Amino acid sequence: MMVSAPPDVVDTISGENRRVLVLLHGANLNLLGERPTEHYGTITLDELERQVEASASKRGWTCICHQTNHEGEFIEYVQVYRSAGALIVNPGAWTHYSYAIRDALELVTGPVAEVHLSKIDEREDWRGRSVIADVVQVRVAGKGPDGYEEAVTAVIDLAGG
Ligand code: DQA
Numbered sequence: 769m770m771v772s773a774p775p776d777v778v779d780t781i782s783g784e785n786r787r788v789l790v791l792l793h794g795a796n797l798n799l800l801g802e803r804p805t806e807h808y809g810t811i812t813l814d815e816l817e818r819q820v821e822a823s824a825s826k827r828g829w830t831c832i833c834h835q836t837n838h839e840g841e842f843i844e845y846v847q848v849y850r851s852a853g854a855l856i857v858n859p860g861a862w863t864h865y866s867y868a869i870r871d872a873l874e875l876v877t878g879p880v881a882e883v884h885l886s887k888i889d890e891r892e893d894w895r896g897r898s899v900i901a902d903v904v905q906v907r908v909a910g911k912g913p914d915g916y917e918e919a920v921t922a923v924i925d926l927a928g929g
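Every number in the working numbering is 768 more than the matching position in the sequence shown, counting from 1.
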């Protein structure tokens, strides 16, 4: 399935105004609120997205949010939005093994933050490895929803505010 950004979004991110933050969530993150609360808390994806939109808005940025359970679709979102002002991604389990997502993120022009709700370094060994770590500028894990706030501030600052 090929995704394409709405024309107004493409106009916004290809013009002078690059104050567009894109938030991408990967596999199983649509079920936040049902997933183990000891790792992910009780917040739903919708609540998390509204929180990030509000944080971006306070800085005068627009936020576009997407979630998908399909790796190829996630890659297509990264490609479509590669010229956005900044990206925040939580690819879920793909973080730990998707070289294809890593290669797509390498082409993003603005700052990219990798965020995880849970403490990936303190769980199973395989979660401690991120194959996207070398192509992101900001990494936040284990801070729950607050980690996203931190990432919004960091990427917008890196993008020049
Ligand atoms: C996650 C951590 C991943 O290991 C896991 O597969 C997820 C969510 C997090 O936000 O903590 O789906 O990225």
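Using N, Cα and C, we set each Cβ at its ideal position, and we do this for glycine too.
Source: prediction; values computed, not measured.
For the ligand DQA, I want to know if residue i counts as a neighbour, meaning its beta carbon is within less than 7 angstroms of at least one of the ligand's heavy atoms.
i      : result
ILE856 : no
GLY860 : yes
THR863 : yes
HIS884 : yes
HIS807 : yes
LEU797 : yes
ILE811 : no
ARG897 : no
ILE900 : no
Report the partner residues of residue i according to the DSSP bridge assignment.
i      : result
HIS834 : LEU792
LEU855 : VAL790, VAL880
ALA909 : HIS884
Can you find the residues in the same chain that come closer than 6 angstroms, C-beta to C-beta, to residue i, ignoring five residues on each side of it along the sequence?
i      : result
TYR849 : VAL790
HIS807 : SER886
ARG891 : none
PRO859 : GLY794, ILE869
Skipping 5 residues on each side, what residues in its chain have a beta carbon closer than 7 angstroms to that of residue i?
i      : result
SER823 : GLU917, VAL920
GLU784 : Any reading at GLU784 is ruled out, since the residue's pLDDT is 46, under 50, leaving its predicted position unreliable.
When the Cβ atoms of the region 896-910 are set against those of the region 817-831, are three or more pairs found closer than 8 angstroms? no
Can we say the region 860-875 touches the region 836-847, given the rule of at least three CB pairs closer than 8 angstroms? yes
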